[in-house]
């Protein structure tokens with residue numbers, strides 16, 4: 032039986048730390064899925080998320 036890991040994050044106004052957090056997680060943990068829920072940020076939290084997700088798709092996704 033193969034185990035899978037899903038990254039789950041709930042974020043709001045995390046632009047100051049989200050890129051560093053994702054970069055650290057990507058290097059430390061090999062996850063199969065990710066679910067990141069932005070609960071109404073009014074800062075630029077979504078920009079690094081979108082950029083990192085594009086990079087994650089390139090590196091880690093075989094099929095979308």
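In our numbering, the protein residues as written are 32 to 95.
We treat Cβ as the ideally placed atom computed from N, Cα and C, and that holds for glycine.
Under the rule that 16 or more other beta-carbon atoms within 10 Å means buried, what is residue i, buried or exposed?
i          : result
residue 58 : exposed
residue 49 : buried
residue 35 : exposed
residue 76 : buried
residue 78 : exposed
residue 82 : exposed
residue 93 : Here residue 93 scores only 47 on pLDDT, less than 50, and its place in the model is too uncertain to base an answer on.
Pick from the options: whose alpha carbon is nearest that of residue i?
i          : options        : result
residue 84 : 33, 53, 47, 43 : 53
residue 37 : 70, 65, 71, 73 : 65
For a test of the three-state rule: what should DSSP assign to residue i, helix, strand or coil?
i          : result
residue 34 : coil
residue 39 : strand
residue 74 : coil
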